[in-house]
Amino acid sequence: MSVQSPISSVNDFVVRFANVNGSGSASANELFARSILRHGVPVSPRNIFPSNIQGLPTWYEVRVTEDGHLGARGGVDMMVAMNPQTWDKDVASIEPGGYLFYDSTKPMPTSKFREDITVIGVPLTAITNSTYTDPRQRQLFKNIIYLGALCALLDLDPKLVEQLIGEQYKGKEKLLSSNVHALHLGRDWALQNLKCPLGLRVKKSDKVGDRIFIEGNSAAALGAVYGGATVCAWYPITPSSSVAEAFTSHCKKYRHDGETGKAKYAIVQGEDELASIGIVIGASWNGARAFTATSGPGISLMTEFIGLSYFAEIPAVIMNIQRAGPSTGMPTRTQQCDVIACAYASHGDTKHVLLFPEDPAEAFEFAAAAFDLAERLQTTIFLMLDLDIGMNHRLCRPLKWDDAKQYDRGKVMTAEMLEEGRDFGRYLDVDGDGIPYRTYPGTHPTKGSYFTRGTSRDRYARYSEEGAVYADNMQRLVRKFETAQDMVPRPLQANAAKPTKYGVLYFGSTSPAMDEAIGILEARGHQLDRMRIRAFPFHSSVASFIADHDFVYVVEQNRDAQLRQLIVNENGIDPVRLVPILHYDGTPITARFIANSIGDHQDHLKVTPLRKAVT
Amino acid sequence: MTYIAKPKFHHPGLKKNELGYTHRDYEGKISTLCAGCGHDSITASIIEACYELSIEPHRVAKISGIGCSSKTPDYFLGNSHGFNSVHGRMPSVLTGANLANRDLIYLGVSGDGDSASIGFGQFAHSIRRAVNMTYIVENNGVYGLTKGQFSATADRGSKSKKGVTNTDNAIDLVAIALQLGATFVARSFSGDKTQLVPLIAAAIRHKGASFIDVISPCIAFNNHAGSTKSFDYVREHNDAVNRLDVLVGREPISVDYAPGTVQVVEQHDGSRLALRKLDADYDPHDRLGAQTFLQKHAAKGQIVTGLLYVDPDAEDLHTHLDTVETPLNTLDEQALCPGSAVLDKINASLR
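Read top to bottom, the protein sequences are chains A and B.
The numbering used here applies: residue 28 is where the first sequence begins, and numbers increase by one.
The numbering used here applies: residue 90 is where the second sequence begins, and numbers increase by one.
Okay, here's the thing in structure tokens:
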């Protein structure tokens with residue numbers, strides 16, 4: 028048996044922290060990730076947590092990636108094993124040649140370790156207990172002490188970590204100095220007792236640039252602030268709750284009247300998702316920009332209202348932070364599994380606009396754009412995030428806003444227009460784009476009022492059960508959906524270095540893993556043109572892209588190839604031409620998975636001449 | 090039929106209110122409900138109340154759920170925007186509308202199926218959130234549009250038209266509204282316009298969650314012997330605790346009741362409610378007392394009507410959320426968008 032040599036890698040490895048939920052490890056772990064960013068080295072962290080508040084296992088994984096691969100990589104090079112409950116599995120998950128960092132206060136039997144990994148014991152509890160007496164302090168500072176030890180082991184610059192701690196506890200001198208003290212306790216112990224640094228290390232670089240580090244949910248909420256949302260109604264559901272919470276905190280900072288201090292927004296925590304969407308519909312009907320944030324089960328509950336929004340033509344913005352379903356499914360695991368549920372939400376013939384941001388920067392842009400689209404198209408717009416983007420800090424380009432931009436409030440007939448004698452038919456297609464004018468309640472004493480209903484009505488909003496009148500309206504809604512096609516974000520195409528017969532379609536959080544996979548596949552000799560779909564209805568370029576290739580892989584994170592189904596259904600594509608690549612175990616899709624799945628498929632396509640094969 | 094327009098001309102001598110509107114300006118389309126339906130009387134009372142208060146008709150937003158009662162907003166205030174929304178969901182739609190524009194008057198019209206069955210939750214939560222609205226339940230204890238099934242307000246022991254006896258306990262929306270903190274709670278009877286019109290007017294002037302339960306017999310499915318929501322039954326068991334006059338503006342209080350029996354309540358907006366007390370023991374400012382009074386009389390089989398509770402210093406949801414006085418739906422980019430300079434700072438804080 029050959030002796031496994033320890034992994035040696037600079038700025039390219041994965042550290043996973045195994046913690047107990049509720050132990051206060053989250054902030055220390057985040058500090059670790061941010062510290063590496065301050066070295067100019069990109070990181071991609073992910074929370075892997077159970078549906079629980081306290082006591083159960085939770086993991087935090089940091090991919091250190093000089094090359095900027097922000098997707099999950101798979102595999103663990105260093106395990107910071109702080110949870111005895113998951114010890115065996117955690118130790119087993121370390122790559123051969125990897126490292127195990129643990130609290131060595133209590134001796135562990137050798138059977139608990141592996142021979143092919145490097146074991147690093149730091150008596151964290153002993154150090155903590157000899158320094159602190161308060162149990163809560165012991166718990167919290169233990170986390171900072173292991174951070175200090177890692178600082179020495181991975182060759183992090185302690186000044187940069189101190190700087191971050193300084194920013195975090197600005198104005199709270201006591202907390203600041205005690206955290207810095209704890210950091211050095213751990214670092215000094217490691218320097219004195221261990222061989223530092225390890226084969227894994229961080230070296231200063233310049234690969235972060237001006238990028239920012241933000242969670243998708245927070246960015247989407249900020250997009251709602253910039254996009255002019257004034258009403259938010261929501262019901263708590265993982266992984267979407269932090270959207271409304273972030274909106275609340277952004278609004279507290281940026282949305283109070285300078286003179287009176289009063290709020291230029293209203294946030295209501297509804298009694299359920301039905302009430303939340305009802306409030307959004309009521310507010311939008313009355314001319315305010317309103318949104319809700321939810322996840323799969325919430326979408327199911329909202330579907331009756333979504334049908335009303337479609338048929339009565341009332342704007343609404345729904346942010347769906349997808350998680351693994353069906354039913355309660357895996358509420359803290361990621362998937363892209365509500366594509367069909369949202370595209371066709373509700374009874375009767377319905378279709379809805381979906382936006383698929385790839386990261387927090389797009390979540391911000393698309394969230395703001397969703398309000399323009401909702402008011403322009405007078406219908407529900409879904410912002411389709413998922414847990415992977417929503418609840419993890421992601422490195423992305425800085426958020427941008429053009430101060431010259433004006434909100435597109437859509438076709439609203441004002442009192443002046445009515446006074447001029449303009450013909451107002453609430454469901455009258457005056458411009459041929461399928462979009463009628465609306466009036467806000469209270470506009471004019473005698474003109475422009477109408478009765479909104481979910482039942483059939485004519486172009487002037489008069490109740491009617493005439494078949495022709497109903498069909499006329501349904502046809503106009505189809506026209507409107509066609510109009511939407513050119514308003515939503517276009518797909519982005521990137522061609523392979525050499526001409527190829529094969530293409531790949533993907534969307535949303537698959538993006539970073541896909542970018543990385545393309546490189547791996549190229550190295551294996553597979554050339555692929557790629558197109559990232561950013562919205563539904565699909566732009567005509569999607570169909571052309573498929574037509575231009577022999578066949579196209581469709582990579583998505585659900586079991587039933589939902590995006591593929593939607594493409595087949597909406598564009599009349601022969602399903603044989605679309606090869607599904609599906610990842611749906613609740614973990615984020617990885618480049619390795621994509622490259623292996625596509626690579627294997629491509630390898631099978633290579634016809635080996637028979638004669639050559641037998642020789 | 091609602092698609093048949095009502096003729097617009099009217100008698101030139103028709104009385105006008107302070108704003109110069111006639112009664113006709115508050116009417117809507119022709120009702121499609123059954124002839125003699127209690128709901129049409131409530132429609133008439135709403136028209137009357139809005140006329141008397143000299144409300145600009147277009148400044149009212151009429152919002153309803155689904156059902157016979159929820160169809161009625163089409164039959165009054167034809168120049169107002171109306172919204173016949175989703176079954177049981179009027180309260181959330183109204184809450185959202187109210188948040189968007191605090192300057193309009195919100196009239197929520199619902200039924201007993203809409204509010205006590207499918208929409209019981211939304212009814213409860215809109216009340217406890219103190220949405221500034223007038224929430225009227227046209228209560229007939231029965232599903233009319235689907236032909237005669239019991240609703241959750243049907244009394245235990247009452248008989249359906251088909252002879253089935255209801256064995257479930259009834260929900261008393263008034264008792265619930267009191268418990269949930271509604272700041273204006275009344276019950277009335279569709280056949281008693283003199284009581285109902287001023288109650289609606291007072292509720293509209295009330296700044297907070299006003300709730301009126303109006304018993305409104307269904308002449309098609311719930312007006313027979315054995316029903317506890319029939320015209321005859323309600324008339325026999327009606328126990329009115331007070332009668333009301335609403336006094337708006339500078340008009341002096343001139344009520345022709347015997348001194349000592351009139352109680353004047355001044356509401357936040359300056360309007361005064363002159364209550365003619367029919368029951369000397371009844372105090373409309375005592376929430377706890379009102380609850381006890383209701384239960385005692387319900388046990389005796391009496392239906393208590395009148396203004397049961399009012400808090401003249403009520404607060405509403407906007408007060409609780411501390412929103413700006415300007416309606417949110419009128420705020421523009423200037424008011425709402427923090428701009429690129431702020432965004433640059435945010436970016437800097439995220440590095």
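Backbone N, C-alpha and C fix where the C-beta goes; we use that ideal spot for every residue, glycine too.
All values derive from a computational prediction rather than experimental measurement.
Opposing strand residues paired with residue i [DSSP bridges]
i, result
"MET558 (chain A)", "A:GLN520 and A:LEU532"
"TYR126 (chain A)", "A:MET105 and A:THR145"
"ILE239 (chain A)", "A:CYS423"
"THR321 (chain A)", "A:ASN347"
"TRP428 (chain A)", "According to DSSP, TRP428 (chain A) bridges with nothing at all."
"ASN331 (chain B)", "B:LYS366"
"ARG228 (chain A)", "A:VAL37"
"ASP499 (chain A)", "Answer is none; ASP499 (chain A) lacks a bridge partner."
"ARG361 (chain B)", "B:LEU336 and B:GLU355"
"ALA260 (chain A)", "A:VAL295"
"LEU678 (chain A)", "Absent from the structure is residue 678 (chain A), since the part of chain A shown begins at 28 and ends at 642."
"THR394 (chain B)", "B:ALA329"
"PRO84 (chain A)", "A:VAL47"
"THR223 (chain B)", "B:LEU196 and B:SER299"
"ARG165 (chain A)", "The partner list for ARG165 (chain A) (beta bridge, DSSP) is empty, contrary to what the question assumes."
Distance, residue j Cα to residue i Cα
i, j, result
"ASP458 (chain A)", "LEU404 (chain A)", "13 Å"
"LYS105 (chain B)", "CYS139 (chain B)", "12 Å"
"GLU549 (chain A)", "GLU583 (chain A)", "20 Å"
"GLN391 (chain B)", "ALA498 (chain A)", "52 Å"
"THR111 (chain B)", "PRO101 (chain B)", "10 Å"
"LYS201 (chain A)", "LEU249 (chain A)", "32 Å"
"THR473 (chain A)", "ASN168 (chain B)", "6 Å"
"THR275 (chain A)", "ILE294 (chain A)", "7 Å"
"ASN347 (chain A)", "CYS369 (chain A)", "9 Å"
"LYS279 (chain A)", "THR321 (chain A)", "21 Å"
"ASN623 (chain A)", "ALA217 (chain A)", "39 Å"
"MET541 (chain A)", "GLU242 (chain A)", "20 Å"
"SER131 (chain A)", "ALA246 (chain A)", "40 Å"
"PRO425 (chain A)", "GLN423 (chain B)", "22 Å"
"SER267 (chain A)", "ARG440 (chain B)", "24 Å"
"VAL146 (chain B)", "SER311 (chain A)", "The residue you asked about is not Val; residue 146 (chain B) is Pro in the sequence shown. Distance between the alpha carbons of PRO146 (chain B) and SER311 (chain A): 21 Å."
"ASN46 (chain A)", "GLY171 (chain B)", "55 Å"
Check whether residue i and residue j have beta carbons under 7 Å apart
i, j, result
"THR155 (chain A)", "ARG141 (chain A)", "no"
"ALA275 (chain B)", "LEU397 (chain B)", "yes"
"ASN419 (chain A)", "ASN48 (chain A)", "no"
"THR265 (chain A)", "PRO384 (chain A)", "no"
"SER249 (chain B)", "SER130 (chain B)", "no"
"VAL337 (chain B)", "SER360 (chain B)", "yes"
"ILE308 (chain A)", "ILE341 (chain A)", "yes"
"SER568 (chain A)", "PRO518 (chain A)", "yes"
Three-way DSSP call (helix, strand, coil) for residue i in this model
i, result
"ARG294 (chain B)", "helix"
"PRO72 (chain A)", "strand"
"ARG453 (chain A)", "coil"
"ASN173 (chain B)", "strand"
"ILE616 (chain A)", "coil"
"ASN228 (chain B)", "strand"
"ARG436 (chain A)", "coil"
"GLU497 (chain B)", "Residue 497 (chain B) cannot be examined here, being either before or after the span of chain B that is shown, 90 to 440."
"ILE301 (chain B)", "strand"
"SER153 (chain B)", "strand"
Chain D contact residues for residue i, given Cβ-Cβ distances below 9 Å
i, result
"LYS291 (chain A)", "Absence of chain D from the displayed structure is noted, the protein chains being A and B."
(request) Output, in sequence order along the chain, the residues in the region 472-498 of chain A whose CB is closer than 8 Å to any CB in chain B. (result) PRO472, THR473, SER476, TYR477, PHE478, THR479, ARG480, GLY481, THR482, ARG489, TYR490 and SER491
(message) Against chain B, which members of the region 422-434 of chain A pass a CB distance test of less than 9 Å?
(response) PRO425, LEU426, LYS427, TRP428, ASP429, ASP430, LYS432, GLN433 and TYR434
(request) Using a Cβ-Cβ cut-off of less than 9 Å, list which residues of the region 301-315 of chain A approach chain B; keep chain order. (result) LEU301, ALA302, SER303, ILE304, GLY305, ILE306, VAL307, ILE308, GLY309, ALA310, SER311, TRP312, ASN313, GLY314 and ALA315
(request) Give, in chain order, every residue of the region 174-190 of chain B whose Cβ lies closer than 9 Å to some Cβ of chain A. (result) SER174, VAL175, HIS176, GLY177, ARG178, MET179, PRO180, SER181, VAL182, LEU183, THR184, GLY185, ALA186, ASN187, LEU188, ALA189 and ASN190
(message) Which residues of the region 321-338 of chain A have a Cβ closer than 7 Å to any Cβ of chain B? Give them in chain order.
(response) GLU331, PHE332 and LEU335
(message) By the 9 Å beta-carbon criterion, what residues does the region 145-157 of chain B contribute toward chain A?
(response) GLU145, PRO146, HIS147, ARG148, VAL149, ALA150, LYS151, ILE152 and ILE155
(message) Along the region 268-282 of chain B, where does the CB come closer than 8 Å to a CB of chain A? Name the residues.
(response) none
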